[in-house]
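All remarks here apply to the structure that follows.
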Amino acid sequence: MKAPNYIGLFFPILLFSGLLSAQGTGAWQSKIEPGVFQKAAAGETVEFLVVLREQADVSEARFIPRKKDKAGFVFQKLTTTAERTQNPVHQTLEDFGAPYRSFWIVNAIWAEGTLPLLEALARLPEVQEIQSNPHVNLELPQRSDATQDGNRAITWGITDIGADLVWAMGYTGQGVVIGGQDTGYDWDHEALKVKYRGWDNVAMTADHNYNWHDAIHSNVGANDCGFNSPEPCDDHNHGTHTMGTMTGENATDDFGVAPDAKWIGCRNMDNGNGTPTTYIECFEWFLAPTDLNGQNPDPTKAPDVINNSWSCPVSEGCNTGNFATMETALNNLRNSGVVIVVSAGNSGPNCETVDAPPAIFEGSFSVGATNSSDTIATFSSRGPVTVDGSNRLKPNVSAPGVSVYSCIRNNSYATWSGTSMAGPHVAGTVALMLSANPSLTGQVEQIETILENSAVAKTTAQTCGGTPGTNIPNNTFGHGIIDAEEAVNQALALLPVELFSFSGTPEGMDVRLHWETSSIGGLNHFEVEHATSGTSFTLLGKVPFAPASGTTTATFQYLHEMPGAGVHYYRLKMVGFDGGYEYSNVIVIQMAGESEVMLFPNPAGNALSLVAKMAAGEDVLVRVFDAAGRTVVELPVTTGTGVFPASIQTGDFASGVYFIEISGGNGAAAPLRSKFVKN
Numbered sequence: 096m097k098a099p100n101y102i103g104l105f106f107p108i109l110l111f112s113g114l115l116s117a118q119g120t121g122a123w124q125s126k127i128e129p130g131v132f133q134k135a136a137a138g139e140t141v142e143f144l145v146v147l148r149e150q151a152d153v154s155e156a157r158f159i160p161r162k163k164d165k166a167g168f169v170f171q172k173l174t175t176t177a178e179r180t181q182n183p184v185h186q187t188l189e190d191f192g193a194p195y196r197s198f199w200i201v202n203a204i205w206a207e208g209t210l211p212l213l214e215a216l217a218r219l220p221e222v223q224e225i226q227s228n229p230h231v232n233l234e235l236p237q238r239s240d241a242t243q244d245g246n247r248a249i250t251w252g253i254t255d256i257g258a259d260l261v262w263a264m265g266y267t268g269q270g271v272v273i274g275g276q277d278t279g280y281d282w283d284h285e286a287l288k289v290k291y292r293g294w295d296n297v298a299m300t301a302d303h304n305y306n307w308h309d310a311i312h313s314n315v316g317a318n319d320c321g322f323n324s325p326e327p328c329d330d331h332n333h334g335t336h337t338m339g340t341m342t343g344e345n346a347t348d349d350f351g352v353a354p355d356a357k358w359i360g361c362r363n364m365d366n367g368n369g370t371p372t373t374y375i376e377c378f379e380w381f382l383a384p385t386d387l388n389g390q391n392p393d394p395t396k397a398p399d400v401i402n403n404s405w406s407c408p409v410s411e412g413c414n415t416g417n418f419a420t421m422e423t424a425l426n427n428l429r430n431s432g433v434v435i436v437v438s439a440g441n442s443g444p445n446c447e448t449v450d451a452p453p454a455i456f457e458g459s460f461s462v463g464a465t466n467s468s469d470t471i472a473t474f475s476s477r478g479p480v481t482v483d484g485s486n487r488l489k490p491n492v493s494a495p496g497v498s499v500y501s502c503i504r505n506n507s508y509a510t511w512s513g514t515s516m517a518g519p520h521v522a523g524t525v526a527l528m529l530s531a532n533p534s535l536t537g538q539v540e541q542i543e544t545i546l547e548n549s550a551v552a553k554t555t556a557q558t559c560g561g562t563p564g565t566n567i568p569n570n571t572f573g574h575g576i577i578d579a580e581e582a583v584n585q586a587l588a589l590l591p592v593e594l595f596s597f598s599g600t601p602e603g604m605d606v607r608l609h610w611e612t613s614s615i616g617g618l619n620h621f622e623v624e625h626a627t628s629g630t631s632f633t634l635l636g637k638v639p640f641a642p643a644s645g646t647t648t649a650t651f652q653y654l655h656e657m658p659g660a661g662v663h664y665y666r667l668k669m670v671g672f673d674g675g676y677e678y679s680n681v682i683v684i685q686m687a688g689e690s691e692v693m694l695f696p697n698p699a700g701n702a703l704s705l706v707a708k709m710a711a712g713e714d715v716l717v718r719v720f721d722a723a724g725r726t727v728v729e730l731p732v733t734t735g736t737g738v739f740p741a742s743i744q745t746g747d748f749a750s751g752v753y754f755i756e757i758s759g760g761n762g763a764a765a766p767l768r769s770k771f772v773k774n
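The working numbering numbers the first residue of the sequence shown as 96 and each following residue consecutively.
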């Protein structure tokens, strides 16, 4: 017998109130959220989050092509910043004997204490603000069992997005890791056990290190999992249901979008009770999973995509003054190459109801809910996002979220409704895309673009935020209902052109770039980019991808004329037909300066080329000496523009070391000197 449908939990949490920046001396109180200060002033012991002034900027990670390298870069920069800046806060906390837990995904520290501790912390110049860490108790829904009758069944959501058609192509999520942070997971459920990354189906043993983390370290109330659970555990059912939609299947039913993907999980709620720090802790763990002791973080074990079906509504205390802490953590995880799927919320049907983190953030891929008739669910939250003043269009896309059948605890099943059920359809689709084209792994913007471009456009009579519902995208459906088959086809069209090599060599005062690639793939052109800082790249020019037929490799080159003296950075942006792109590694070329001379080749064979710079129009004498100081060549040159080339015939030179001196005829500048080797 099927259970009655209900709105699956879209969990709210209470984040922290905004603060005024401290101004001048004696303004330490203004660093503390008023509610925290008031409780502490009344003699209460309060828990809080100390946010440090310095936050690492890891945005340049988007230029790193491989996910493994992205994650390593982000992890290193974040942890280094935290280690370098947090010591004064640690010392103060230890002086007071206060419990604390440090974070690095956002440079912040959770702690607990009284007013004297708050004052001591607020007086530290390293501290930006002190925010609350409230607990929010949620009314839990009725739990119901459900079964599907008849022969082996594929759920309506699977067929609606075309996931079954992708399975027929041979792509089922294999090789992809999905993460979820929720109420926990019933890991040994018949529909999930073999999908769990920690399960060895040959040895029939489980290893929960790097595959599970419990961010609940004390109990607010009784629950079935306790705290610091050493294995995946779900004290509510919500998490298990969402994971089933991403990866689940049993002997009779197909309901997981990516049944051959592996999953890992983090519990961020205690029987539906979450705090800002539990959510941030799970974001941090997904960037660099740890062992069960929370030690030895390893960013190479991070998932490829994570699902989030929770929120922090303004009605419960979030505001524009404190959105930044959660958004920083989310963006840092996204910059490491993890796709972050978020349920849009269940506050519809009115406009401007996508109004809570993390769904409101630019870096979240927010998902609305549809029914089996491909119309928007009444409860699905609509955009635009006005709570932060951005007027940002949300959701990004929509997906099945009404009467979704999946697994719940104790080998049971239930049919639930909510955007909490829609988001997992999108996370599962990402896994299908990556199993079809693994080179997309870590390319978050490109993956999101494909999901939006491949969606089935849907219109509505509802106008929100001045955007007509007839527009695509709109604030009801976003870009439309996801189409897994089309998304995978677009991913396959981007099968990479493999870059075998990329190098550059000085040619006089120019730089010639060379690269070699495979000759097949969905590539449109190369964009050659240049920087002198190593980070702020600008476009030099475009080179079409037009390899000769009948070859397995293709070679290309680009000449950068007169880049000037100093260090120069170059990279390739490899652009597909759909606008998606991938970056090459960055190469570095040193060019001669005002007081330098360039020689090539060195060692020399029959001839040596020389480029130098002297005063414009000056008569110059180039002299070559052997190791004994004897002059072997004198070559007069007029510089013309100031930069001049010269060629010295060295075929008759004996093998050994030679010295060059270049002097100006007017004697105004010091001679330029260099040396070379004759083979």
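Where is the CB? At the ideal position from N, CA and C, for every residue including glycine.
If you ignore the 5 residues before and after residue 336, its C-beta comes within less than 7 Å of the C-beta of 103, 501, 502, 503, 509, 511, all in its own chain and listed in chain order. Each residue's CA atom was taken as its position, placing residue 734 and residue 725 some 25 Å apart.
Rounded to whole angstroms, residue 325 and residue 686 show a C-alpha spacing of 57 Å. Only exposed fits residue 596, as fewer than 16 other CB atoms lie within 10 angstroms of its CB. Contact annotation, residue 381 with residue 436: C-beta distance approximately 12 Å; criterion of less than 8 Å not satisfied.
Residue 182: not part of any beta strand (DSSP E); member of the alpha helix (DSSP H) spanning 182 to 190, first to last residue. In this structure, residue 383 lies away from residue 463, with their beta-carbon atoms at least 8 Å apart. At a Cβ-Cβ threshold of 8 Å, residue 772 and residue 698 count as neighbours. Our two residues, residue 418 and residue 181, have alpha carbons roughly 22 Å apart in a direct line.
For residue 769, the closest of 759, 693, 708 by C-alpha to C-alpha distance is 693.
If one requires a minimum length of 3 residues, the beta strand (DSSP E) runs lying completely within the stretch 437 to 497 are 460 to 465, 492 to 495, in chain order.
The alpha-carbon of residue 209 is positioned some 17 Å away from that of residue 222.
The stretch 310 to 365 is shown to contain whole beta strand (DSSP E) runs of 3 or more residues at 357 to 362, in chain order.
By the C-beta criterion, the stretch 169 to 176 is judged not to be in contact with the stretch 124 to 143, since fewer than 3 inter-stretch pairs fall below 8 Å.
Residue 744 is bridged by DSSP to 702.
In the three-state reduction of the DSSP assignment, residue 301 falls in the strand class. With fewer than 16 other Cβ atoms inside 10 Å of its own Cβ, residue 637 counts as exposed.
Rounded to whole angstroms, residue 183 and residue 385 show a C-alpha spacing of 26 Å. Counting only runs that start and end inside the stretch 519 to 560, the alpha helix (DSSP H) elements of at least 4 residues fall at 539 to 549. Between residue 740 and the set 605, 634, 667, the nearest pair of CA atoms involves 605. By the 16-neighbour rule on beta-carbons within 10 angstroms, residue 652 is exposed.
Within the same chain, and ignoring the five residues on either side of residue 375 in sequence, the residues whose Cβ sits closer than 8 Å to its Cβ are 198, 200, 201, 203, 420, 421, 424.
Residue 310 has its alpha-carbon roughly 31 Å from the corresponding atom of residue 487. C-alpha of residue 545 to C-alpha of residue 586: approximately 7 Å in a straight line. Rounded to whole angstroms, the separation of the alpha carbons of residue 641 and residue 618 is 9 Å.
With the rule of 3 Cβ pairs closer than 8 Å, the stretch 259 to 267 does not count as touching the stretch 317 to 334. DSSP places residue 131 in the uninterrupted alpha helix (DSSP H) bounded by 129 to 136. Inclusion of residue 277 and residue 404 in the CB contact set at 8 Å is warranted, their separation being smaller than that value. In the three-state scheme derived from DSSP, where H, G and I count as helix and E and B as strand, residue 714 is classed as strand. For residue 675, the number of other beta carbons within 10 angstroms of its own is at least 16, and it is reported as buried. Distance between residue 695 and residue 759, taken at the CA atoms: about 22 Å. The three-state secondary structure of residue 285, taken from DSSP, is coil. Distance between residue 258 and residue 342, taken at the CA atoms: about 12 Å. In its chain, beyond the 5 residues on either side, 161, 162, 165, 432 have a beta carbon closer than 7 Å to the beta carbon of residue 537.
Scanning 702, 607, 623 for the CA closest to the CA of residue 656 turns up 607.
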